[in-house]
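Structure first, commentary second.
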Amino acid sequence: MSNIKPTLFAVKRSGGNSGSTELHALSGLDDFSRFVMHNVTGLHPVGDDWFFTLSDTDRDFRTDLVAINRNGASGSTEIHVLSGASDHGNFIQHTATALSHTGQEWDFAVADWSKNGIDDLISINRNGSSNRTEVHVLSGKHNYQKFVAHIATGLHSTSSDWVFKLADWTGSGDLDLVCINRRGGSGRTDIHVLSGASGYQDFILHQVTGLHATDLNWSFGLVDLDSTGRLDFVAIDHAGSSGAVEIHILSARSDYQTFVAHIATGLHPVDTNWTLLIQAESVYVEVEAANVIHSEFKRRLSNCSIVKVFSELDINTTSWQGPPESSINLVKAYYYQRHLNSKERSFIVNHPIDSIRALDAADEASRRVREEYPNEILLNDRGDAVRHCYWSAMMNRDLDTSIATEILDNHEYGTNDPYDPHNNAQGREVADAAGHDASNDRLFRDCQDRERSGSLMHDRE
Numbered sequence: 227m228s229n230i231k232p233t234l235f236a237v238k239r240s241g242g243n244s245g246s247t248e249l250h251a252l253s254g255l256d257d258f259s260r261f262v263m264h265n266v267t268g269l270h271p272v273g274d275d276w277f278f279t280l281s282d283t284d285r286d287f288r289t290d291l292v293a294i295n296r297n298g299a300s301g302s303t304e305i306h307v308l309s310g311a312s313d314h315g316n317f318i319q320h321t322a323t324a325l326s327h328t329g330q331e332w333d334f335a336v337a338d339w340s341k342n343g344i345d346d347l348i349s350i351n352r353n354g355s356s357n358r359t360e361v362h363v364l365s366g367k368h369n370y371q372k373f374v375a376h377i378a379t380g381l382h383s384t385s386s387d388w389v390f391k392l393a394d395w396t397g398s399g400d401l402d403l404v405c406i407n408r409r410g411g412s413g414r415t416d417i418h419v420l421s422g423a424s425g426y427q428d429f430i431l432h433q434v435t436g437l438h439a440t441d442l443n444w445s446f447g448l449v450d451l452d453s454t455g456r457l458d459f460v461a462i463d464h465a466g467s468s469g470a471v472e473i474h475i476l477s478a479r480s481d482y483q484t485f486v487a488h489i490a491t492g493l494h495p496v497d498t499n500w501t502l503l504i505q506a507e508s509v510y511v512e513v514e515a516a517n518v519i520h521s522e523f524k525r526r527l528s529n530c531s532i533v534k535v536f537s538e539l540d541i542n543t544t545s546w547q548g549p550p551e552s553s554i555n556l557v558k559a560y561y562y563q564r565h566l567n568s569k570e571r572s573f574i575v576n577h578p579i580d581s582i583r584a585l586d587a588a589d590e591a592s593r594r595v596r597e598e599y600p601n602e603i604l605l606n607d608r609g610d611a612v613r614h615c616y617w618s619a620m621m622n623r624d625l626d627t628s629i630a631t632e633i634l635d636n637h638e639y640g641t642n643d644p645y646d647p648h649n650n651a652q653g654r655e656v657a658d659a660a661g662h663d664a665s666n667d668r669l670f671r672d673c674q675d676r677e678r679s680g681s682l683m684h685d686r687e
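My numbering puts the first residue of the sequence shown at 227, with every later residue one more than the last.
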């Protein structure tokens, strides 16, 4: 297959021997042939008025199961979240939202629409009172009691043939609305994308795919499988001709004309009692990252240096010259990192050790700049410029250049900051000129010299 190995999740709402809603998962690392999860959840059996999706709502790098009851006993649409850390046995949220009862014409997504690090509830009404497909957003920051958007989109009213996904299609940091028509006018499955930047008024894509017309026995997902920055189209046939649930993947590179995979999974054909969901991160990788941080770092918070931890994990530290302080801040970020964007969080899942190094370098840069520039606010001023340069220089000295660049680019994702990317690039030049044996003092002085010479960018004297 490709670089990213996603996970196929299967939610069985009722009818299982367990007497509960069940969650099963197959890993893309095995071409979805082997189950890596059979969880009996803490949710009773439910009907088709429940909508299921996945999100790391508590930011602990474990996939939580979000169960949305369109017709809650509270008289409203309710959101219930089962914790991935508890193998979906325990609820971490029961909330009656400000949205009244909803019907099958409503779809939902859970994502950080407000860009504040907290998941919002995005409700999509196929048949709004405006005679358009509408988007209504309830703020997670306000516990889903306050609407922060009511949008009549640029798409006409739609039927159950349409499926909706929220995704950063353009890479701008905005959540675009991906509208999938199972029975497009082309006689095939079509993809239409409404731009988040335009408030879902302007289409940025109308694409007839290479997939024939589909029906309610198909589910869909979007995953950047080859790490090109473009989302590939994953079509899931609930009852394939192979006698199994099948996954078919159309590549973004081919404008969704060419299939790059046809996979008969290890899951038997399923009916409408099941919800099938695809997630980009591998369950294996997710659990590994959680275990590294929980088992190895939480246990050593009070007295263990990062070098000692690396040694005990049998990780080569000969090139690492970062500060030997405890990595307690990584664990803090692990639990409380609502300030990190989605790119940064995904990177930490896949690169926990490099993320530790990056975080310690960031702490060193902040500490040093606060000492040297005590009277500055460190926002687009001289100290901020030097901080970015110094952070970049340390990472480019100690990490692979491509990894350092990815970390820095992820940090700037969606910000449109005019200065930081330039100063990060200056830090890369500083590291290249100083060499891998350069001390932190040398890198910091060189960044200061660049600021004094006017090579760094900032807007304060």
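Note that CB positions come from ideal geometry on N, CA and C, so glycine has one too.
Check                                                                                                                           : Outcome
For Q505: DSSP bridge partner residues                                                                                          : T233
Cα-Cα separation between D672 and A660, rounded to whole angstroms                                                              : 9 Å
Contacts around V389, its chain only, beta-carbon distance under 6 Å, and the 5 residues preceding and following it disregarded : I406 and F446
Collapsed DSSP secondary structure at S246 in the structure displayed                                                           : coil
Beta-carbon contacts of D428 that lie in its chain and below 8 Å, excluding the five residues immediately before and after      : G380, L420 and S421
L431 (DSSP reduced to helix, strand or coil)                                                                                    : strand
Pair within 8 Å by beta-carbon distance, T267 and S240                                                                          : no
Reference D586; option with closest CA among S572, G315, L625 and Q319                                                          : L625
Status (buried if at least 16 other CB within 10 Å, exposed otherwise) for E472                                                 : buried
DSSP-derived helix/strand/coil call for H320                                                                                    : strand
Residue from R668, L634 and R623 whose Cα sits closest to the Cα of A188                                                        : One cannot answer for residue 188 here, as it falls past the ends of the chain, which runs 227 to 687.
Alpha carbon of T484 to alpha carbon of T415, nearest angstrom                                                                  : 13 Å
Proximity below 8 Å, CB of Y700 to CB of G436                                                                                   : Nothing can be reported for residue 700: it is not among the residues displayed for the chain, which extend from 227 to 687.
Nonlocal neighbours in the same chain, by C-beta distance under 6 Å from F334, ignoring five residues either side               : F277, I294 and S349
Buried versus exposed, by CB contacts within 10 Å (16 or more), D663                                                            : exposed
Expected contact under 8 Å - CB spacing of R608 and Y599 to nearest Å                                                           : 6 Å
Extent of the continuous beta strand (DSSP E) to which L476 belongs                                                             : E472 to L476
Chain-order list of residues whose beta-carbon lies under 8 Å from that of S244 (same chain, five-residue window excluded)      : V266
Distance between beta carbons of R260 and L249, contact taken as under 8 Å                                                      : The Cβ separation is near 16 Å, so there is no contact.
Whole-angstrom C-beta distance between D275 and T498, which should lie under 8 Å                                                : With 8 Å as the limit, T498 and D275 do not qualify as a contact, their Cβ atoms being about 13 Å apart.
Separation of N642 from E655, as counted between CA atoms                                                                       : 22 Å
Terminal residues of the beta strand (DSSP E) in which F670 lies                                                                : Taken as a continuous stretch (DSSP letters only), F670 belongs to no beta strand (DSSP E), being part of the alpha helix (DSSP H) at N666 to S679.
CB contact flag (R613, V595, <8 Å)                                                                                              : yes
For S281 and W500, the rounded distance between their alpha carbons                                                             : 18 Å
Under the three-state DSSP convention, the category T631 falls into                                                             : helix
Inter-residue Cα distance where the pair is H418 and T359                                                                       : 13 Å
Coarse secondary structure for A423, derived from DSSP in three states                                                          : coil
Coarse secondary structure for D617, derived from DSSP in three states                                                          : Before going on, a small fix: residue 617 reads as Trp here, not Asp. If DSSP states are grouped into helix, strand and coil, W617 belongs with the helices.
Candidates V460, H382, N353 and S398: closest to K391 by CA position                                                            : V460
Exposure of K372, with buried meaning 16 or more beta-carbon neighbours within 10 Å                                             : exposed
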